[in-house]
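A short write-up of the structure that comes next.
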Amino acid sequence: MANKTILTGWGRTSPSVAELLRPGAEAELTPLVLASGGRGMIARGLGRSYGDPAQNAGGLVLDMTGLAAIGPVRDGYVTVEAGVSLHRLMRELVPEGWFPPVTPATRQVTVGGAVAADIHGRNHHADGSFGGHVTALDLLGADGVTRTLTPADPDFWATVGGMGLTGVITKATIRLTPIETSRMIVNTWKCPDLESVMTRLTQADLAHRYTAAWVDCLSRQGRGVVEGADHARQGAARSFRARGFESGPGFLPVGLLNRHTMGLVNRGLYTTTKRESVQVRPLASFFHPLDRVGHWNRLYGPRGLVQYQFVVPLGAEQTLMKIVERIRRSHAASFQTVLKRFGPGSGGWLSFPTPGWSLALDFPTTTKGLAWLLDRLDELVAEAGGRVYLAKDSRLRPELLPVMYPALTAFRERRRELDPRLVFQSDLARRLSL
Amino acid sequence: MKNAFGEPQSLLLVGGASDIAMATAMRLVRRRVRRVILAGRPSPAREAAAIRLAEAGATVETADFDAFRVEEHAKVIGDVFAEGDVDVALVACGLLGDADLDPLKAADVAMVNYVGAMTAAIVCADAMRRQTHGALVVFSSVSAGRPSAADFLYASAKSGLDAFARGLTEALRGSGVHVMVVRPGFVRTRLTRGVTPPAIATSPETVAGAVLDGLRAKSEVVWVPGILGQLTRLPGSIVRRITG
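Okay, structure coming up:
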């Protein structure tokens, strides 16, 4: 096999060997699909999924970053190739007054990946997930034919959140968000316990387009810091500029990552945060804390990190609190714990966001008892009618997946119909029998 | 596929359900293994093993594998891999034999412990190389390096298999496939019932634990108990007295 490459996700767990090809044009893809062998292929963007969705042991992995054309913006819509990163999209479009409709905590994701994982951001309660802002997408199917899908087509919703298993997404038309400045007005509230974090977050959702909370999982009370933000308009930006740009709870430990150092870092972050404040911050500083340190995933050492993100429905607050308490008692240290309230889902069959409370955590893979702990948390999440995020998963028990995603059966059936030869395969698909 | 913690989800037992293979399988099923394929001769023991594994939560399939029928190995094991990736394959074809210098009985011992195990391992290795992942566990024996008057037919077969497996380890380096040779000492099993155990004897449970540790650590050679790896440096006469 030519170009054998060891690939991992951002968590750097479960490496596998595949042939990696970087097509420079859409036309190069069709012959690859038609000639696909038994181990199949999967599209890969910038490798920011934490687990194994962009890996394909023994098969072909398509590095899509070579397909990176950005079309002109027309009436707030833009058509881009799948390999365009949100980073480039912002660099090119923010000066023109446009912002991606949804951005996760890193700009280093491609549009193709954003559709395939149906990513969400801090505006989920207000604007929904990425797939909800896509008006058309081009999908290269297992038959070698590219179809343009719109939200009226059921296959559109099998593809949004479908982790690349319905075909190769080559293009997408996205509805952009108009912005007047490249500044954010960020309100910050310090909350002494988890309950007050949740209350504040609920209030902030009513007043602000972008919200999220950082939770100190190592503290007994589950204290945290809530942020609520909006795009600054010309006047507002001017009036706040005088206050200067303070750095918010921007935290990334560069050193020994363990419970004790992190306890200290968390305490420091919490105590130095003002009880309540309003700041004006640049877009990147607010939206992309994960991009402050390049390759921060390497801080976790050779065994990598395990991300765990789940959502439980509104009304399952007790489950959320129970989970946070379980984590605290287990002494597993999560270094970046983010709480968010989701609004309605997009309609993607395997799309993650559903109305409720979402908590994202990350742990060093070597954390003692972690495999066992996360299995128990899965049970609590499933019992409450919640689910875990496939773009972050690297260890879920396959039998829990249909419980968490009721549309899985429909997805499996449609995938078999669209792709009887199983051209599109990934390590994730094998691990979870998608 | 293995998950982020390196836990396998599918397991192939070649040679059926020996005590050691079953102890290992049960431990793996208690963690993440969901698909187990019992490749062995149809027998009540195989059925009983299938029931035990299913009760522990696994989806169990059986494949009719006979160590003697080497011409069928590619088909029987190939079919298993065609159904889905195998994360761990345990090659544990074992026939203890006796000390009789009967040429046909000796040939049987060689066929099961060496030839059949080797051809099965080759088929597994080839399939794993194509899937570019997987662990192939080959059961050798401490006696492979220390034949005694009581077991030298068995020891000679295991010695051949051991050399094969160590060579295979080298041949598959960098392919993504992990080959592990396990060298247990005297194990108290159904096979060794009635034999007086030597000073150092071990149990199927201990061997299973060592196999799991070895899989996790990606070890290439595992002695059970670990001390045997050190003891083999002593003169043979002393070692035989301790290990049997």
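Keeping their order, the protein sequence lines are chains F and W. If you read the first sequence in the working numbering, its first letter stands for residue 460, the second for the next number, and so on. If you read the second sequence in the working numbering, its first letter stands for residue 2, the second for the next number, and so on. By construction, the Cβ of each residue, glycine as well, lies at the ideal position given by its N, Cα and C atoms. Computed from a prediction, not measured in an experiment: that's the story for all the values here.
Beta-bridge annotation (DSSP): F:F769 is paired with F:L818 and F:V847. Bounds of any alpha helix (DSSP H) do not take in F:I578, whose DSSP letter is neither H nor E. Separation of the CB atoms of W:P9 and W:L39 is rounded to 16 Å, and the pair is thereby denied contact status at 8 Å. At a cut-off of 9 Å between beta carbons, F:S475 contacts chain W. In the same chain as W:L173, and ignoring 5 residues on each side of it, the C-beta atoms closer than 7 Å to its own belong to A126, R130 and V180, in chain order. In the three-state scheme derived from DSSP, where H, G and I count as helix and E and B as strand, F:T796 is classed as coil. DSSP places F:V568 outside both helix and strand once states are collapsed to three, so it counts as coil. Within chain F, the residues placing a beta-carbon under 8 Å from that of W:D86 are A516 and R889, ordered along the chain.
Beta-bridge partners assigned by DSSP to F:G683: F:C650 and F:V674. Nearest CB-CB separation between W:T197 and chain F: not below the 9 Å threshold. Look at W:M181 here: in three-state DSSP terms it is strand.
Between W:M2 and chain F, the shortest Cβ-Cβ separation is below 9 Å. Interface criterion met: the Cβ of W:G177 is under 9 Å from a Cβ in chain F. Taking C-beta atoms as the reference points, F:V574 and F:V619 count as a pair closer than 9 Å. Excluding the 5 residues flanking it on each side, F:E735 has same chain C-beta neighbours closer than 6 Å at W648, in chain order. The three-state reading of DSSP puts F:M643 in strand, counting E and B together.
The beta carbon of W:L96 sits closer than 7 Å to the beta carbons of D109, V110, V113 and N114 from its chain, once the five residues preceding and following it are set aside; these are given in chain order. For W:T170, not one C-beta of chain F is nearer than 9 Å to its own C-beta. Using a Cβ distance threshold of 9 Å, F:C676 and F:S793 count as a contacting pair. Taking a C-beta cut-off of 9 Å against chain W, the contacting residues of the stretch 853-865 of chain F are S853, R854, L855, R856, P857 and E858, listed in chain order. 9 Å or more divides the Cβ of F:E485 from the Cβ of F:T658. Excluding residues up to 5 positions away in sequence, V30 lie with their Cβ nearer than 7 Å to the Cβ of W:G58 in the same chain.
Chain F has a Cβ within less than 9 Å of the Cβ of W:E8. Per DSSP, the unbroken alpha helix (DSSP H) holding W:S157 starts and ends at F153 to A172. Chain-ordered, the chain W residues with CB closer than 9 Å to the CB of F:A830 read N4, A5, F6, E8, R32 and R33. When C-beta atoms of the stretch 869-888 of chain F are compared with those of the stretch 509-523 of chain F, three or more pairs fall below 8 Å, so the two segments count as touching. Counted as a single uninterrupted DSSP element, the beta strand (DSSP E) harbouring W:W224 occupies residues V222 to V225.
F:H690 is bridged by DSSP to F:M643.
If you check the CB distance, F:R566 and F:F746 come in under 9 Å. Flagged as an interface residue toward chain F: W:R131, by a C-beta distance shorter than 9 Å.
In the displayed model, F:Y669 falls within a strand according to three-state DSSP.
Under a criterion of Cβ atoms nearer than 9 Å, the residues of chain W adjacent to F:D511 are, in order, M2, N4 and A5. The beta carbon of F:R547 lies closer than 8 Å to those of A527 and I529 in the same chain, with the five residues before and after it left out. Contacts with chain W at 9 Å (Cβ-Cβ) include F:D886. The beta carbon of W:D152 sits closer than 6 Å to those of S144, all from its chain and outside the five residues before and after it, given in chain order. Distance from the CA atom of F:Q777 to the CA atom of F:N646, rounded to whole angstroms, is 27 Å.
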